[in-house]
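Input: a single structure, listed below in structure tokens.
Below you can see the structure in the form of structure tokens.
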């Protein structure tokens, strides 16, 4: 018997069909061991010994694998063909050896880049041993991440309350986001004007822009005020124009290479709106396959852009059949990775069978859209170049002092563009070379007279560089050589989970907490958040993978300096740290008011100085004269639009109903509104909901907040009141102990009885009471072994999968609507495999105490 070990049950099921009855395929369900999340898992003083712990959920599965291994002649480790896959095989082998399960069994390692019958059988025919150099690179990376996290994070917790954690790559990614935000804040818009004219020259109208004024060349930013624009307008209006030259220049555009992990994440973000995590989840399912035909794409964690000879031949056949010989180059296209530190290169991501056109498949929505993107990109990468005719027309007055230019392009042959065009990242507008040359031009002749029909002058302002989206941040990390394809999704997810950043219109905006952490690290751990240092460390890890560097030598070199820096930072007084942060963050938290006054002067007492302070709840801004002056505000930069944000407390007006004064205040937990009657110990307060800035608050809005919760009406079934309010988790409606969330803060003031009753009914259907059965959110199908139904349910603490009496919570970030049976099976297995809690032993029944004789005292 041959035992084959893979990661996932879906992969196991498919491979088992390919290999036949002489093979038994079992799944490890991913990693089986990890470093415990506690101090001492990596021991620098013991030459970086690592204490691995078997995952509780994996224990039962490993016992099954060990039992199967004892009766096998050959144990084949067939995990994924990357560093993580090599590590999983190594961990499984280590556990089997400790369990003495191998006996005389031969151990082999096989890898395949696609889950197809041909790829699997070829891999089985060409086994190898575990690549220990790749494992060493994994161990070094794992130890580095652990040492940084578990050495640096405690320093953050002690010296910077409210900080969550630091990470070797995570902190550098955060710095990139913060640096961009600071660049945006430093940006000062520049005014410029555009001047355009609509012309005819024995032709339909076309548009040209001003490129010469008073004999001087005009670039995009040269006209800086309305007076100059109007002078240019007058010159055009009074001028006689002739077409001086027409230049037609043929341009060829080459197709983009096939996808790597990072380019797939970038393009899926641009075109499909997917997060990196969502992209990788869908890609994993496509790789593993959704039916008996096997995997739909090649392995999705790669930085290689090459396509195998078989893949090239198949792609060229599809192009010839579907698009014709004109779209097929004479020779295949060969690409070379441009990414910095590209390593562990496998084949690019492509369909395993190009003849499976996206239109012929019926997949889940995410899978269908991602497969179509991969199919089109692969086919386009091997097609002919697109040919365009780019035309530039120069029109001038006879004296040459005023000139206009019209540009346009015509697609002479669409080539690869018939299938695919790569998405574009945002660019700051207002650059000198920013031209729109996509328009078409009519047929024009040199020497023809051009008549002006209309003139337009328009004011513009240059724009700051855009904030990073997932696509552009992944691209930046790749350009800098920071991180690796398999890590980008987890890096971005961690930044959000730690609340170091927030997303607005799919753009990363650093929170104050993220700014503080970055400032702290830049002040006291600058070397370790430098882009070049982090990229150089990745290169060193690649040297370990190649066998050119001992992994423990790398750890010793890193640890010596890093440990000294953490000890030095740990000995610093908190006041010294705050002084450094006050200086570093000064331009952000104390911006120049523009009137010559001291931006740090306390707006309440006008005597103290504002500075950064900390409490166990996090950082805030306070007055140096505390406790005499109790002024505080949030760390966020003061909002110049409103005195409330700038000066802390502000009187909003008088409540006409009670005659009491309403105030807006800025506390250490953020802004809030308050109204108190004279002598009242507990004033009525309400925090500002998310999205409401202090500058936008007036008396009317404050009174609406203070009036919450409000009664919506009586429930038609029992007559009990339904209320609408604002709670810890946002706006809600409530009735008889049931709370249903509202989608928007404005709805809490407007929701009517019918809408509230419907929301509460939906909530109760998803969270049944005793004796009632909730309707499943989704039916996934029957378990392949037991036949029991598996469903997705809505629970009080989030969605979960249910099979009989087994309930498994969905991991954070998993979309219940997109969950498949294959993805649910490991969750069910893991939950079912967890050791049941031991029932508490019943205490022996106490013998009744002997009755005492009554005494005079007991009377």
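Numbering (our numbering), first residue to last: 361 to 1219. Ideal Cβ positions, reconstructed from N, Cα and C, are used throughout, including at glycine. Since we're looking at a predicted model, the values are computed, not measured.
DSSP three-state assignment for residue i, whether helix, strand or coil
i: residue 651; result: coil
i: residue 634; result: coil
i: residue 529; result: coil
i: residue 434; result: strand
i: residue 851; result: helix
i: residue 606; result: strand
i: residue 1153; result: strand
i: residue 1052; result: coil
i: residue 681; result: helix
i: residue 1230; result: Absent from the model: residue 1230. The displayed extent of the chain is 361 to 1219, so no value can be given.
i: residue 1200; result: Confidence at residue 1200 is low in this model, with a pLDDT of 43, below 50, so its placement is unreliable and no value can be given for it.
i: residue 872; result: helix
i: residue 394; result: strand
i: residue 739; result: helix
i: residue 923; result: helix
i: residue 1142; result: strand
i: residue 419; result: helix
i: residue 760; result: coil
i: residue 613; result: strand
i: residue 789; result: For residue 789, the predicted model reports a pLDDT of 48, less than 50, meaning its position is unreliable; a value from the coordinates is still stated below. In the structure shown, residue 789 sits in coil (DSSP, three-state: anything other than H, G, I, E or B).
i: residue 1025; result: strand
Straight-line gap, residue i to residue j (C-alpha atoms, nearest Å)
i: residue 1165; j: residue 1152; result: 13 Å
i: residue 747; j: residue 539; result: 40 Å
i: residue 468; j: residue 740; result: 38 Å
i: residue 516; j: residue 530; result: 15 Å
i: residue 1140; j: residue 673; result: 38 Å
i: residue 873; j: residue 513; result: 14 Å
i: residue 1095; j: residue 1034; result: 27 Å
i: residue 984; j: residue 964; result: 12 Å
i: residue 961; j: residue 943; result: 15 Å
i: residue 1016; j: residue 1082; result: 26 Å
i: residue 955; j: residue 949; result: 17 Å
i: residue 853; j: residue 826; result: 20 Å
i: residue 850; j: residue 430; result: 37 Å
i: residue 1108; j: residue 1068; result: 9 Å
i: residue 761; j: residue 804; result: 22 Å
Range of the contiguous beta strand (DSSP E) that encloses residue i
i: residue 363; result: 362–366
i: residue 863; result: 861–864
i: residue 555; result: 551–560
i: residue 468; result: 466–469
i: residue 656; result: Careful: residue 656 lies outside any beta strand (DSSP E) and carries neither H nor E.
With 16 other Cβ atoms within 10 Å as the buried cut-off, status of residue i
i: residue 770; result: exposed
i: residue 941; result: buried
i: residue 923; result: exposed
i: residue 866; result: exposed
i: residue 417; result: buried
i: residue 386; result: buried
i: residue 574; result: exposed
i: residue 496; result: buried
i: residue 492; result: exposed
i: residue 527; result: buried
i: residue 388; result: buried
i: residue 366; result: buried
i: residue 1014; result: exposed
i: residue 900; result: buried
i: residue 519; result: buried
i: residue 626; result: buried
Residue closest to residue i, alpha-carbon to alpha-carbon, out of the options
i: residue 706; options: 668, 676 and 718; result: 668
i: residue 507; options: 1146, 1103, 888 and 1076; result: 888
i: residue 503; options: 917, 610 and 433; result: 917
i: residue 856; options: 373, 830, 841 and 881; result: 830
i: residue 1114; options: 876, 1093 and 576; result: 1093
i: residue 564; options: 580, 634, 781 and 801; result: 801
i: residue 1088; options: 1078, 1081, 1099 and 1080; result: 1099
i: residue 494; options: 584, 451 and 1047; result: 451
i: residue 946; options: 511, 545 and 384; result: 545
i: residue 846; options: 995, 660 and 868; result: 660
Span of the alpha helix (DSSP H) around residue i
i: residue 755; result: Here residue 755 belongs to no alpha helix (DSSP H); instead the beta strand (DSSP E) covers 746–756.
Distance cut-off 7 Å: residue i Cβ against heavy atoms of the ligand FAD
i: residue 974; result: For the ligand FAD, the structure offers nothing, since it holds no ligand at all.
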